[in-house]
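Read through the structure below, which is laid out as structure tokens, and then see the notes.
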Amino acid sequence: MTPATARSVFNDFVQWLLGRKVEVADLFLNSLRVCVEGQFGEDTGLFLWFDPVWHLGCPKGILVGSRQAQVEERDAHAALNVLVKELEGREIERVSVDALTSDIDIRFSGDYWVRTFVSDPAAEMNWYIRDRENNVVVTGAASGLRLCDSRPADENAPEGPPPNTQE
46 MTPATARSVF
56 NDFVQWLLGR
66 KVEVADLFLN
76 SLRVCVEGQF
86 GEDTGLFLWF
96 DPVWHLGCPK
106 GILVGSRQAQ
116 VEERDAHAAL
126 NVLVKELEGR
136 EIERVSVDAL
146 TSDIDIRFSG
156 DYWVRTFVSD
166 PAAEMNWYIR
176 DRENNVVVTG
186 AASGLRLCDS
196 RPADENAPEG
206 PPPNTQE
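The numbering used here puts the first residue of the sequence shown at 46, with every later residue one more than the last.
In structure tokens:
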């Protein structure tokens, strides 16, 4: 059996995501968290994490971005989270990764999208997708895709860079 590569696992994740709906979308500080076929803290579905630099857009333009989400005032942050929740119930139509930067671009029904963009070429991670049942993670950064072997099961806790990354 050939060992899995980050690219092959990512491709499997993409095939699984296509046509599925976002159950939960939420801000954690200035990070964007998205659950597909599961809630926070459950061991089902895929969990998507975007940080540090991302934006969410729709046909009207950019709704919210990670820098804007750094606001410290609670009511302002809650208002931004309302915009993020517009992803809930939307179907994932396309997922792509830029070959040079590994930035991810996810397209949703209603012409919504989430994109990351490199702000630090030395950063270890800009986004990740985690299979919560099998605890397998693919991360993306300017240096490429990486495969990780584990992640904490509780998305209610702050999730930082996954441990044990490998090419």
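The C-beta atom is built at its ideal place from N, Cα and C for all residues, glycine as well. This one's a predicted model, so the numbers in the text were calculated from it and none came from an experiment.
Check whether the Cβ atoms of residue i and residue j sit closer than 7 Å, and answer yes or no.
| i | j | result |
| --- | --- | --- |
| leucine 77 | phenylalanine 95 | yes |
| isoleucine 51 | leucine 145 | First, the residue type needs correcting, since residue 51 is alanine and not isoleucine in the sequence shown. Against a cut-off of 7 Å, the Cβ pair of leucine 145 and alanine 51 comes out as no contact. |
| serine 141 | glycine 185 | no |
Which residues in the same chain as residue i place their Cβ atom closer than 6 Å to its Cβ, once the five residues preceding and following it in sequence are excluded?
| i | result |
| --- | --- |
| leucine 72 | Ala114, Asn126 and Val129 |
| valine 79 | Val67, Ala70 and Leu93 |
Roughly how many angstroms separate the alpha carbons of residue i and residue j, rounded to a whole number?
| i | j | result |
| --- | --- | --- |
| arginine 152 | valine 159 | 7 Å |
| glycine 90 | alanine 167 | 30 Å |
| aspartate 88 | alanine 123 | 26 Å |
| glycine 83 | arginine 135 | 14 Å |
| leucine 102 | glutamate 118 | It should be noted that the sequence gives glycine, not leucine, for residue 102. Approximately 23 Å between the Cα atoms of the pair. |
| glycine 110 | valine 116 | 11 Å |
How should residue i be labelled, buried or exposed, when 16 other C-beta atoms within 10 angstroms of its C-beta is the threshold for buried?
| i | result |
| --- | --- |
| phenylalanine 58 | buried |
| leucine 62 | buried |
| asparagine 179 | exposed |
| serine 164 | exposed |
| isoleucine 107 | exposed |
For residue i, I'd like the list of residues in its chain whose CB is within less than 7 Å of its CB, leaving aside the five on either flank, ordered along the chain.
| i | result |
| --- | --- |
| phenylalanine 162 | Val98 and Asp148 |
Which same chain residues end up closer than 8 Å to residue i when comparing Cβ atoms and leaving out the 5 residues on each side of it in sequence?
| i | result |
| --- | --- |
| asparagine 56 | none |
Hey, does residue i have any beta-carbon neighbour from chain D nearer than 7 Å?
| i | result |
| --- | --- |
| aspartate 165 | The structure shown has no chain D; it contains just one protein chain. |
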